Structures are given as C-alpha cells and as structure tokens.
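The opening residue of the sequence shown carries number 23 in this note's numbering; numbering runs sequentially from there.
Glycine included, each C-beta is placed from N, C-alpha and C at the ideal position.
Keep in mind the model is a prediction, meaning the values are calculated, not measured.
Encoded as structure tokens, the structure appears first; notes follow it.
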Amino acid sequence: MTGGLTIYFSQFCHNRLLGGAVGAKQAGIVGGAFGLAIGAIGGVLGGAAMIVGGAVSGVVQIGRGVAAVPQQLIAPRQGKYWNEYDGKWEESDLEAEKKALEGVPEDNSDLLGDVEKDLDDGKKKQDGAPEEVVDMFYYETLDVAPDADKGTIKRKYYKLAKQYHPDKNPGDEEAAQKFKVIAEAYQVLSDDDKRVIYNKEGRDGLQGQNDDEAPKLDPVILFTFLFGSDKFNDITGQLANATSSRVGDSPDIPLTVARQIQKRRVGRLAIKLAERIEGYVNVKKSGGSTDEFVAKWMAEGQDLSTASFGYQMVTTCGKVYNLVSVAHLGSLENGIGLPAMAEWGQAQQARMKTRQGAQKNQMDQLKAGMDMMKLATKYQEQINAAETDEEKEKLQMEMQKAAIEVTLRLLWATNVVDITATLHETCQLVFYDKNADKETREARVEAVKALGETWMNLEPPEGVSGEEKDAAKMYEEAAFAAMLETIKRKDEASHGKA
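Structure (structure tokens):
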C-alpha cells in the first residue's frame with residue numbers, strides 16, 4: 023500500500039490546483055469560478071520545465087517577438103489599461119470605485135451568505151455516507167456530521183483553524199494544541215481513503231500512517247499555504263483559495279459572482295495602495311527626500327514578516343510590485359513591457375542562484391519530482407522491487423516526505439499566482455487612475471517600484487527557525503517562476519489588442 027497521503031496529494035494537485043479537466047483548460051491554477059475570476063490563465067503551472075526556470079527564457083523570447091500595434095501604443099498614453107476579463111481597454115476611476123464600495127460588506131456575505139448557510143446547516147451530504155462510524159473524535163473536532171461532504175469539512179476546518187491559529191493566540195498552548203488537532207482531523211477527513219479506514223477502524227486503524235515517525239504536514243504551513251494570513255488583508259485581500267474554502271469549493275458560485283468578488287477585492291486594494299504611497303508621491307513631486315516613507319515601509323514589512331511565513335509573503339508582494347512597475351515603465355516607453363520584464367527576471371534569477379548555493383542539490387531533486395504522478399509511479403516501482411519489509415517501509419516514508427514537499431511547493435506557487443494576478447490588476451487601477459494628473463500617475467509608479475524594492479530586499483526576521491529558512495529557499499524558485507509567468511501572460515494579453 024502506497025499510503026493514502028500520496029493518493030490524496032495526487033488528487034489534490036490534479037483536482038484542486040489544476041482545477042480538473044475543465045479548470046485546467048480555463049483557469050489552470052485555482053479551480054472553478056475563483057480561478058477564472060483572478061485571471062489564472064491556463065498553464066501557468068503547466069509543467070516542471072516552466073517552474074524550474076523556463077519562465078525567464080520564455081519572457082526573453084516573447085519580449086523579442088512581440089510587436090506593438092497602434093492601439094496598444096495609443097491606449098496607455100490615453101490613460102487606459104487592458105481589461106483581459108472584459109476584453110477591452112478601460113479607464114480607472116478610484117473615486118468612483120470608493121463610492122461604489124461604500125456599504126458593501128467586506129466579507130462579501132451578500133454574495134456568499136446563502137451558500138455558507140447551507141454548509142453550516144449541514145445540507146451538503148457526502149455521496150455514499152457510511153452506515154456506521156466507530157470513532158467520532160475527528161468529526162466532533164471539526165463539528166461536522168459523519169455524512170458531511172468535503173466542502174462542509176473544508177469550510178469548518180478553515181473557520182476553526184482561523185480561530186485557533188497561533189498568530190491569533192500567541193503563547194496559548196491550549197489553542198496551539200487545538201489548532202494541531204483540527205489540522206489532523208482535516209487531513210484525515212478530506213482524504214477519501216483515510217476517511218474510509220477511520221470510519222471503520224477509528225484512529226487505531228490509521229496508526230501505520232499517523233505514527234510518530236511518519237512524515238507529517240506542519241499545520242501552520244498547511245494553513246498558511248492554503249489560506250494566507252490575515253495580516254496581509256490590506257495588501258493581498260483574502261486569497262482566492264480562502265474565499266473558495268469559505269464556501270466549501272462550491273460549484274454553485276457562478277463566474278459572474280466570483281468575478282464581482284475579485285473586482286471588489288482589487289478595488290479595495292487599489293484604494294489602500296494609493297493611500298499607502300500618497301506621502302511618497304507628494305514628496306517626490308515636490309523634489310523632497312522620500313527616505314522617511316521608505317523607512318516607514320521597511321518597518322511595516324518587518325512587522326508583516328513576523329506572521330507565519332510572513333517573510334515569504336511580504337517579499338513576494340515586494341517582487342510583484344517591483345516587477346509590475348518595471349513592466350509598466352517599459353510599456354510607457356514603447357508599448358511593450360516584456361523586454362524590461364526579461365531583464366528584471368534575469369537579474370532576480372541570478373540573485374537567487376547566488377543565495378541558494380548549498381541548496382542546489384536539494385532543489386535539483388525537487389525539480390525532478392514536480393510531477394506527482396511520476397513521483398508516485400517511481401516510488402511504487404521501487405517498493406515493488408524491494409526485498410524486505412524494512413526497505414519497503416523506508417521507501418514509503420521517503421515517498422510521503424517527497425509528496426509533502428512537492429505539494430507544498432505547488433500550494434505556494436498557487437498562492438503566488440493569485441497574489442500576482444491580483445496585485446497586477448490592483449496596480450493597473452492605481453497607475454491609470456483618471457483622477458490623478460500625469461505627474462501624479464508617474465510618481466505613483468515610482469512609489470510602487472520603491473515600495474516593492476524595499477519589501478523584496480527585507481532581511482529575514484530574527485528568531486526564524488532553520489526549518490522555515492530552508493522552506494523559504496525551497497519555495498522561492500517556484501514562487502518566482504509562477505510570478506514571472508503570470509505577469510508575462512498578462513502583459514502578453516494586452517499586446518496586439520486592437
């Protein structure tokens with residue numbers, strides 16, 4: 023038996039990250055309507071080759087090959103940006119956006135409330151519900167019925183994990199233990215194979231998979247990579263994964279509603295970003311020193327870094343801000359942002375290679391295992407060829423550890439695509455705001471570029487564990503490639519649009 027963990031991760035990567043057969047073609051990253059709403063264009067994580075560096079060379083080649091057409095050159099100078107969702111050039115009006123958002127619930131309960139209520143009322147049932155459950159512990163932990171469907175289970179996990187998260191309960195050992203048990207319950211009940219075993223045999227039946235030596239997902243990492251952090255709500259908004267989890271990944275959310283939620287998200291973020299850089303912009307226009315504002319951003323970034331995996335989040339946001347600004351400045355010069363992006367990407371890739379050093383062999387091994395199905399097949403062949411039970415057990419442990427590493431890397435890259443797509447659209451609204459004159463708009467681009475540079479160059483906070491530092495290096499390249507590919511595709515989408 024290869025272990026339900028690997029089966030679960032294989033299914034997760036295919037169904038959740040790649041969106042299944044339909045989602046992979048349409049959204050490519052975050053399945054269903056929310057993937058389409060953030061503009062996660064198909065194929066962003068289409069293969070290991072892109073993830074391990076193909077993004078940079080791809081940008082270089084496309085940057086050389088794309089020719090600007092008249093409308094593409096003219097529209098940006100007229101203060102318009104390309105809305106890839108509606109397929110047209112549009113103006114940005116942050117004043118109108120602010121008025122439109124007045125009185126609108128920030129949790130989007132007016133759009134999602136009915137689906138959330140159905141889940142909370144237990145109306146969504148599992149197909150082929152079990153006749154008998156010998157151990158109710160995990161169901162009671164998540165406060166769900168034994169016949170609850172996966173959507174209900176995921177929503178309950180999301181709500182309870184947020185409530186007991188260590189970031190919200192610092193120094194509370196009881197909350198920390200509760201958080202850990204909640205994650206354990208979710209990992210069992212969201213896995214079809216483990217759930218069947220658990221229903222029939224209870225926790226004793228899972229001893230072989232849940233013993234102390236078996237590789238396990240850190241519950242804090244799992245939550246952060248799935249849902250992000252509340253400390254970043256003013257910067258990234260609620261991640262698409264988190265919003266989807268709130269409604270149990272419900273297929274009942276139409277694309278129009280998902281897009282409306284995403285438009286609200288970027289509208290709010292654009293207003294907050296304009297406010298964050300306003301002081302810098304005013305001083306920049308008057309010719310004064312901007313050092314005070316850079317120092318303020320530095321302090322803010324350092325505070326954000328103290329959240330669970332906050333350092334990875336804030337430096338990623340910094341890179342996106344910086345790259346979008348660079349691409350925008352390139353577009354203003356010649357209508358094409360991609361050449362400037364290629365130069366930026368090559369410099370960042372060189373910087374990462376310099377810093378990774380001793381991690382190279384570990385990274386190479388991980389790159390080779392990006393395809394989850396190939397990974398499982400490889401280990402299954404080795405397990406079948408093993409001559410002793412000890413050898414088989416060792417290989418099973420190695421396979422589960424590799425599955426966890428690959429899955430977390432994909433999860434993190436998924437969030438990066440969401441963050442990148444969202445911040446890209448946010449920046450367009452700020453850069454093309456028709457309420458600002460040309461000098462102010464230009465200063466805004468410089469301000470966002472400076473903000474990005476400040477955050478992307480932050481030093482890791484003191485007290486960060488060695489494990490987290492290793493994880494940061496492990497996921498940096500996947501995040502970088504996913505980010506660059508997303509921006510490249512969005513910039514490419516605006517080229518040749520008449």
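Leaving aside the five residues that flank V269 on each side, the residues in its chain whose CB is nearer than 8 angstroms to its CB run, in chain order, L134, V137, E138, L141, G173, R177 and I275. In the three-state reduction of the DSSP assignment, N105 falls in the strand class. Using a 10 angstroms sphere on the CB of K216, the tally of other CB atoms reaches 16 or more, which defines it as buried. Scanning its chain for C-beta atoms nearer than 7 angstroms, with the 5 sequence neighbours on each side dropped, one finds around D171 the residues K146, K147 and Q148, in chain order. For E297, the uninterrupted alpha helix (DSSP H) segment begins and ends at L277 to S308. Per the C-alpha coordinates, the member of I175, E464 and G332 positioned closest to G352 is E464. Shown here, A170 sits in a strand according to DSSP, grouped into three states. Following the DSSP letters along the chain, one finds K110 inside the beta strand (DSSP E) bounded by residues K110 to E113. V156 counts as exposed, since fewer than 16 other beta carbons sit within 10 angstroms of its beta carbon.
DSSP places Q199 in the uninterrupted alpha helix (DSSP H) bounded by E195 to L211.
Per DSSP, the unbroken alpha helix (DSSP H) holding R466 starts and ends at K460 to M478.
For the pair L261 and D440, the CB atoms are nearer than the 8 angstroms cut-off.
A398 has its alpha-carbon roughly 43 angstroms from the corresponding atom of M320. DSSP places K147 in the strand class (E or B) of the three-state scheme. Collapsing the DSSP output to three states places D455 in a strand.
With contact defined as three or more Cβ pairs closer than 8 angstroms, the stretch 109 to 123 and the stretch 276 to 283 are not in contact. Around the Cβ of A424, a 10 Å sphere holds 16 or more other Cβ atoms; the residue is buried. In this structure C339 touches T258 by the C-beta definition: roughly 7 angstroms separates them, less than 8 angstroms. S272 and D143 have their C-alpha atoms roughly 15 angstroms apart. By the neighbour-count definition (other C-beta atoms within 10 Å, threshold 16), I96 is an exposed residue. Segment contact: the stretch 451 to 460 against the stretch 292 to 302, three or more CB-CB distances shorter than 8 angstroms; contact assigned.
Around K184, the same chain offers no residue with a beta carbon nearer than 7 angstroms, after the five sequence neighbours per side are excluded.
Considering only M478, E468 and A207, the residue with the shortest C-alpha distance to K307 is E468. The beta-carbon distance between V336 and L480, rounded to whole angstroms, is 6 angstroms. This is short enough to meet the 8 angstroms contact definition. Here the alpha carbon of K222 sits roughly 10 angstroms from the alpha carbon of L228.
With 16 or more other Cβ atoms from the protein chains shown falling within 10 Å of its own Cβ, K341 counts as buried. The beta carbon of A264 lies closer than 8 angstroms to those of Y180, L248, F249 and G250 in the same chain, with the five residues before and after it left out.
In this structure N344 is buried. Its beta-carbon is surrounded by 16 or more other beta-carbon atoms within 10 angstroms. Around the beta carbon of S131, fewer than 16 other beta carbons sit within 10 angstroms, so the residue counts as exposed. The Cβ-Cβ distance between L164 and L123 does not fall below 8 angstroms.
Note on T278: under 16 other CB atoms within 10 angstroms of its CB, so exposed under the neighbour-count rule. DSSP, reduced to helix, strand and coil, places H187 outside both helices and strands of the structure shown, so it counts as coil.
Within its own chain, the residues whose Cβ lies closer than 8 angstroms to the Cβ of K471, once the five positions on either side in sequence are excluded, are Y343, N344, S347, V348 and L351, listed in chain order. S267 sits in a helix when the DSSP states are folded into three classes. Note that the C-beta distance between S114 and K456 is below 8 angstroms. Put simply, the backbone Cα of Q404 is about 28 angstroms away from that of D226.
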